[in-house]
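Reviewing the structure listed below.
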Amino acid sequence: MDDITALILDDHHAFRKGFARLDDARDEAELLAVWDALALHLDIHAEAEETILYPHLVKRGDDGEEETDDAIGDHNKIRDAIAAAKTHQVGSAAWWQAVGRARTENSEHLAEEEDEALPDFRRNASVELRAELGAQWLKFYGEHPRGRGLTFADKDPQQYIEDHR
1 MDDITALILD
11 DHHAFRKGFA
21 RLDDARDEAE
31 LLAVWDALAL
41 HLDIHAEAEE
51 TILYPHLVKR
61 GDDGEEETDD
71 AIGDHNKIRD
81 AIAAAKTHQV
91 GSAAWWQAVG
101 RARTENSEHL
111 AEEEDEALPD
121 FRRNASVELR
131 AELGAQWLKF
141 YGEHPRGRGL
151 TFADKDPQQY
161 IEDHR
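Okay, so the sequence shown: first residue is 1 according to UniProt numbering, each after it adds one.
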């Protein structure tokens, strides 16, 4: 069985590769092809974490509430940057600015999650739970192809914590 933390790290690697592919894109069509897939994956990933990982971390982690608050806030910033990019012509200065904001916010989020939230979860969740959540993670992606049925809406971090405490 796949451990949810390993599946999350797989996505993180895919995000880093996606942003690197943007650096290599040479025209608007390439930029659009890379960005559309990357932005959608970022949005789905945030929804998956908020549905599957963070409800457990908030209850089990040594610093689960603080890490959850940070993560939900980070997801909101990434979503907002993705939404901003959609309002600009692909490849324009304003588009690059929004994409750059998404990249920066995502990079900071990945570092915090990999250095704090995921180790905290590994220490405080059983191997069985991590495998069970890994199965839920895979099912979530299968149930929401191309984000079908997901809203990608910002969430209030404190309300989220209250709802999952």
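Using N, Cα and C, we set each Cβ at its ideal position, and we do this for glycine too.
Check, Outcome
"Rounded to a whole number of angstroms, what is the C-alpha to C-alpha distance between W95 and R103?", "12 Å"
"Is Q158 helix, strand or coil by DSSP?", "helix"
"Do you know offhand how far E47's Cα is from E114's?", "18 Å"
"So, at 8 Å on beta carbons, what are the nonlocal neighbours of H56 in its own chain, with the 5 sequence-adjacent residues on each side left out?", "F121, A125, L129, L133"
"When you compare each of L7, D36, K59, R123 to K86 by their alpha carbons, which one comes out closest?", "D36"
"Check D27 in the structure and name its three-state DSSP category.", "coil"
"Just to confirm my understanding: we take I72, look at its own chain, exclude 5 residues before and 5 after, and list those with CB closer than 6 Å. What are they?", "K155, P157, Y160"
"Thinking C-beta only, is F152 closer than 8 Å to residue 194?", "This structure gives no information on residue 194, because the portion of the chain shown stretches from 1 to 165."
"Is it buried or exposed for V127, if we count other Cβ within 10 angstroms and need 16 for buried?", "exposed"
"With distance defined between alpha-carbon atoms, name the residue in D163, E143, I8, L32 nearest to S92.", "L32"
"Beta-carbon within less than 7 Å of residue 166's beta-carbon, same chain only, minus the 5 sequence neighbours each way: which residues are those?", "Outside the displayed span of the chain (1 to 165) sits residue 166, for which this structure offers no information."
"By the three-class DSSP mapping on this structure, what secondary structure does Q97 have?", "helix"
"Starting from the Cα of D43, find the closest Cα among L150, D63, E162, V34 and give me that residue.", "L150"
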